[in-house]
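Quick note, the sequences are listed as chains V and F, same order.
The working numbering applies: residue 70 is where the first sequence begins, and numbers increase by one.
The working numbering applies: residue 70 is where the second sequence begins, and numbers increase by one.
Number of protein chains: 2
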Amino acid sequence: MFFLKDLPSRQMIERYTAQYDVEPARIAAGLETMRRASVMIRRLEAYFAEHGLSQLRFLFLVVIDREPDHATLTVGEITQRLDVAGPVVARTLRALLDAGLVHARKDARDARTKHIGLTAAGRARLTAVLPGYFAIIDAQMTTPLDPDSPSP
Amino acid sequence: MFFLKDLPSRQMIERYTAQYDVEPARIAAGLETMRRASVMIRRLEAYFAEHGLSQLRFLFLVVIDREPDHATLTVGEITQRLDVAGPVVARTLRALLDAGLVHARKDARDARTKHIGLTAAGRARLTAVLPGYFAIIDAQMTTPLDPDSPSP
DNA sequence: GCATGATAGGTATCATGATAAATAAGTGTC
DNA sequence: GACACTTATTTATCATGATACCTATCATGC
C-alpha cells in the first residue's frame, strides 16, 4: 500500500528525478494512482468487513459468479483468475466454506480436484454487497485526492 | 489489494451496474486504478525487499529527508505525514533503528517526544534506491494493464 | 502538591498476502 | 508395476497494516 498523505509537488518530483531518465509527469501520475487506489482499497476493505467479507473474498465470489459456462470452478481456475498465490486462495476458500457462502464438490475422475460453487447464501451476499461496492468506487473516483491534508 | 487478473469488460460492468445509480465509466476507471496500483505496489515491494526496505520504510525515510526546515521529525509528525496507524509507525521505526538507517534523540523539554533523523547510512540507502523506484513507476505507468492475461 | 485529563508513544493481537515446503493423486517410462 | 515427474491443494511461517488497549509524561485546577 502507499500511504504518503501529501504527495510530492511537481517541483519536488522534478528535483528528485532531474538526474534520472524518467518523465516527471508519469511519476506524478503513478504516485497519484497508488495513493488513490490505496485510499479506495482501504475504504472498500472497511466496507467488506462490515459484511463479513474482504476484498479478496468478494472477488473470489465474483469470479465464480461471472463464469458464463459453468456454475463451478476448480480451485486452480480460481487461483488463475485471482492472481494471488495458492495458499492465499486455500485459506480464503476455507473461510468461505466455513461461512457457508460456497460449496465444494469432489471431481469424479481426478481426486485432487475440487469444484467450487456459490451457495444460495453466497449469491445473496454478493447481491447485497454489490450496490455499496459500486457506490464507494464511484464516490472515490469523483473525490479529489486530498480530502484531509490540512497543510498546517 | 485488488487482485482480479481480468477486469470485467465494459459490458459486464454495465450489466452489473444497470440497476444502480452509478456511472459505468467511473467504475471501470476505478477498477483499473486499483488493479494498476496493486501490480505497481507489488512490484515496488519486491524491489524494496531486495534493498532491505519496504514501501513504508522507504516513505518513512522520504518524509524525513524532504523536510525543508528541520533535519529531524518527531514520531507524531511522521505519523501525520504517513497516514498509517501509530503502531505501524512504531514498528517501522524500530526496524529502521535496528538497521541503523535513522537515529532517535530525546527531546530536551518533553520526555515523551523523540526526534528522528536520517543517519548517513539512511541517506545513502535512500539515494541508492531512488533511481530504481522511479524507473519502476515509470515502467508500470507505460505498460498496458494486462501484460499476462492469456484468456485461454 | 496532587488529582484529572490530554498527549506521545508503545505492546498485544488479528487478518491478509508472501514464500517454502509438504501431501497426495495423476501420468508416463522402462 | 516400480520410479520419476508433474499437477492440485494444503500446511507452516513471515511481514505488514488494523484495532484495542496500556504506559509515561505533561498541563491544569483546586
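The beta carbon of each residue, even a glycine, is placed where N, CA and C say it ideally should be.
- Measuring C-alpha to C-alpha distances from residue 100 (chain V) to each of F:163, F:100 and F:105 identifies F:105 as the nearest.
- With respect to the 8 Å criterion, residue 184 (chain F) and residue 141 (chain F) are classified as neighbours on the basis of their beta carbons.
- Of all residues in the stretch 106 to 125 of chain F, those with a C-beta nearer than 8 Å to a C-beta of chain V are 106, 107, 109, 110, 124 and 125, reading in chain order.
- Put simply, the backbone Cα of residue 83 (chain V) is about 16 Å away from that of residue 75 (chain V).
- Judged by their CB atoms, residue 207 (chain F) and residue 146 (chain V) are not nearer to each other than the 8 Å cut-off.
- As DSSP reads the structure, residue 186 (chain F) sits in a beta bridge with F:141 and F:172.
- Using a Cβ-Cβ cut-off of 9 Å, residue 153 (chain F) is close to 70 and 72 of chain V, given in chain order.
- In its chain, beyond the 5 residues on either side, 127, 130, 131, 134 and 187 have a beta carbon closer than 8 Å to the beta carbon of residue 195 (chain F).
- The alpha carbon of residue 157 (chain F) has as its nearest neighbour, out of F:115, F:178, F:123 and F:179, the alpha carbon of F:123.
- The Cβ atoms of residue 113 (chain V) and residue 161 (chain V) lie no closer than 8 Å to each other.
- For a cut-off of 8 Å, the C-beta gap from residue 108 (chain V) to residue 209 (chain V) is around 7 Å, short enough to register as a contact.
- Look at residue 99 (chain F): its C-beta is under 8 Å from a C-beta on chain V.
- Beta-bridge pairing by DSSP links residue 151 (chain F) to V:73.
- Looking at the backbone, the Cα of residue 163 (chain F) and that of residue 193 (chain V) are separated by about 45 Å.
- In the three-state DSSP reduction, residue 107 (chain V) falls in the helix class (H, G or I).
- No Cβ of chain V is located within less than 8 Å of the beta carbon of residue 171 (chain F).
- Membership of residue 131 (chain V) in the alpha helix (DSSP H) is indicated by the continuous run 124 to 134.
- Ranked by Cα distance from residue 72 (chain V), the first of V:110, V:201 and V:87 is V:110.
- In the three-state scheme derived from DSSP, where H, G and I count as helix and E and B as strand, residue 118 (chain V) is classed as helix.
- Inclusion of residue 171 (chain V) and residue 120 (chain V) in the CB contact set at 8 Å is not warranted, their separation being larger than that value.
- Between residue 203 (chain V) and residue 96 (chain F), the beta carbon gap of about 6 Å places them in contact (Cβ cut-off 8 Å).
- Boundaries of the alpha helix (DSSP H) around residue 86 (chain F): 79 to 86.
- With a 10 Å radius around the Cβ and a threshold of 16 neighbouring Cβ atoms, residue 211 (chain F) comes out exposed.
- Chain F places a beta carbon closer than 8 Å to that of residue 86 (chain V), counting this residue as a contact.
- Between the beta-carbon of residue 166 (chain V) and that of residue 159 (chain V) there is about 11 Å, and that puts the pair past the 8 Å contact cut.
- Take the alpha-carbon of residue 200 (chain F) and the one of residue 87 (chain V): they are about 10 Å apart.
- At least one CB atom of chain V sits nearer than 8 Å to the CB of residue 91 (chain F).
- In its chain, beyond the 5 residues on either side, 71 have a beta carbon closer than 7 Å to the beta carbon of residue 103 (chain F).
- Going by C-alpha positions, residue 189 (chain F) is about 52 Å away from residue 168 (chain V).
- Chain-ordered listing is empty here: chain V has no CB closer than 7 Å to the CB of residue 133 (chain F), the nearest sitting near 12 Å.
- Proximity of residue 80 (chain V) to chain F, defined by a Cβ-Cβ separation below 8 Å, is not satisfied.
- Around the beta-carbon of residue 214 (chain V), fewer than 16 other beta-carbon atoms lie within 10 Å, marking it exposed.
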